[in-house]
Structures are given as C-alpha cells and as structure tokens.
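In the working numbering, the protein residues as written are 134 to 433. Beta carbons: idealized from backbone N, C-alpha and C, even for Gly. Keep in mind it's a predicted model, so treat the numbers as computed, not measured.
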C-alpha cells in the first residue's frame, strides 16, 4: 500500500473553533483554546500519522476584515501564506452562519488552486439536522468544495468522517516525519508561551485586550526539573496591574495553572517563573511584532 502525506491548513474567521478542531484531530492539546478572538497567533504545526497516511496540520490566525492595526495586517498575511503552502484546506464555518468574514475567506480561497473541504462546526447546537440542508446548498453554490462535512469539534462528533475524507484527498508521498513524531511544539518555547497566554486569556477575559504577548526567556533542564522563565508583555501600566492582581494573586493563579498544564503535557517537573513588562503600543509597531516572532518577517 502506498503512503500518503501532505500539509493541511485549517482556515476560518476568529472563534469558529479552529483550535478545538485541531486538538481533536490530533487527539492531544497543541493549539490553545480560549473564548477570545485571536488566541491562535502563529502557524502551529501538529503531525498525525494514521496508518499509511501522515497529516501535517497547520492552524492559522483568524482572518480579520479590519486592517486598522498592524498586528491584524500581519496576522492576515500569515494566514494567507499558510493557504498557499497547503496541499489541502479545511474551511471551517459555524452551522447556518455565513457572514462577511466567512465571505472574505471564500474570496481568498477562490484565488487558489488548492483542494478545499468545507467543515460545518457546532452542529450539536442544532436539534433538527435537516435544517442544515439549505445551508449546505448555499455553501455548494459559493465554491466547488471537494466535500462538505458537518461536525461538532466540542462534542467530538463527525471527526472520524472528516479524518477519512482528509486521508482520501491527500497526495501519495513518503512520510516527512518519523511515525512517533507527534508535534514539533512539545518542548518548544512557542508552545510554552501559548500555554501561559491561554491561562491569561481564560483568567482575565475581557479585562485585558489581546495586546499581550508571552516570550520565553529561559528554558532549561536542571536535574529532574525544567526551569522556565517567561515575560508577559503588555501595552499599558494599567494592564500590568491587572495581570499581577492584588498582592500578585492573579499572576500566581495564572502561573500555577500554566505549570500544571505544562507538567501534564511535557511529562516532567516544571518550575515556572513569570514577570510582566510594559511595552507601550507594541501591537502598533511592526518592528516589535516581528521581534517577538509573530507572523514571521513580512511586510505589512
């Protein structure tokens, strides 16, 4: 039997469920998930070897219609770059919703030659599945999808059907990574920073905007303990005060949650230290954004 392999990107508007879907397809936590727009900032790669097929998943930032901020422009270009590098694209939409942002993604897809699967997410919220049929017909009229697959990433429904559809559409290629290679993020500084940022967004919610970034300053193993030091970058002093909390309570809570998550994922004892640093208006500075490694080196 011939082997198959290829790059598969998951594209869609913010908060449509891309990170949750990626985690379910990989059967492990790779991309962070939080109820806040733009919680997936980089092109995260996870690898799944399923029998004779190896799938390299790319998770993209959500496409944004507003380009008033340099950060959004960099994120949008990053997402478009991933589309061009993919062998197969998963276009993720919410059931019975096709708005301006979805249309923007469709317009981008129409300018490519890649194969596209339309994935309708959150069907668990629909009691009568027959009501999906008009929506499926509408989607079919918008683009020549290779397949349209309804799922619920949260409830793990339809994931196997989607996986089998992906496998059928991937090209015959040798595997690009060893079979036991699950992800290139397991002990990566970027993955560590995303875990910390997930705890920040979950803990703080709307108290602080997405203008925060976590950089890993130290990451080394001493004896049986991995020592990690991170800096949480914020745009204002008031944001720093919120992140730290009274007597450092919030920062301690975030640090503990991140440490426990990292220990479970990495399978080793972790000592996590964190600091908060103010960099005014960092999300409006292309130089600073690229210096933090967001979106790669690209023109805005």
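Helix, strand or coil, according to DSSP, for residue i in the structure here?
i           : result
residue 142 : strand
residue 406 : strand
residue 174 : Low confidence applies here, because residue 174 scores a pLDDT of 40, under 50, leaving its location unreliable and the question unanswered by this model.
residue 376 : helix
residue 223 : strand
residue 411 : strand
residue 159 : helix
residue 191 : strand
residue 345 : strand
residue 203 : A caution first: residue 203 carries a pLDDT of 46, below 50, which makes its placement in the model unreliable, though a value can still be read off. Three-state result, residue 203: helix.
residue 231 : coil
residue 400 : coil
residue 329 : helix
residue 297 : helix
residue 381 : helix
residue 388 : helix
residue 150 : coil
Does the beta-carbon of residue i have 16 or more other beta-carbons within 10 angstroms, so that it is buried, or is it exposed?
i           : result
residue 246 : exposed
residue 137 : buried
residue 283 : buried
residue 227 : buried
residue 217 : exposed
residue 331 : buried
residue 334 : buried
residue 389 : exposed
residue 262 : exposed
residue 150 : buried
residue 167 : Low per-residue confidence applies at residue 167: pLDDT is 46, beneath 50, and the placement is therefore not dependable, though the value from the model is reported in the following sentence. By the 10 Å Cβ count, residue 167 comes out buried.
residue 337 : buried
residue 121 : Here the chain comprises residues numbered 134 to 433, so residue 121 is not present and cannot be evaluated.
With a Cβ-Cβ cutoff of 8 Å, do residue i and residue j count as a contact?
i           : j           : result
residue 360 : residue 404 : yes
residue 522 : residue 242 : This structure leaves residue 522 out entirely; the chain is present only between 134 and 433.
residue 229 : residue 154 : no
residue 223 : residue 142 : yes
residue 306 : residue 184 : no
residue 189 : residue 309 : yes
residue 409 : residue 373 : yes
residue 303 : residue 186 : yes
residue 286 : residue 397 : no
residue 362 : residue 406 : yes
residue 191 : residue 219 : yes
residue 326 : residue 358 : no
residue 231 : residue 271 : yes
residue 368 : residue 329 : no
residue 225 : residue 144 : yes
Just list the residues that DSSP pairs residue i with in beta bridges.
i           : result
residue 186 : 137, 183
residue 215 : Paired residues: none, contrary to the question.
residue 305 : 137
Contiguous alpha helix (DSSP H) assignments of at least 4 residues, all confined to the stretch 235-290: With a minimum length of 4 residues, the continuous alpha helix (DSSP H) runs that stay inside the stretch 235-290 are 265-275.
List in chain order: all unbroken beta strand (DSSP E) runs of 3+ residues lying wholly within the stretch 348-373. Assignment of beta strand (DSSP E) within the stretch 348-373, counting only whole runs of 3 or more residues, yields 358-367 in chain order.
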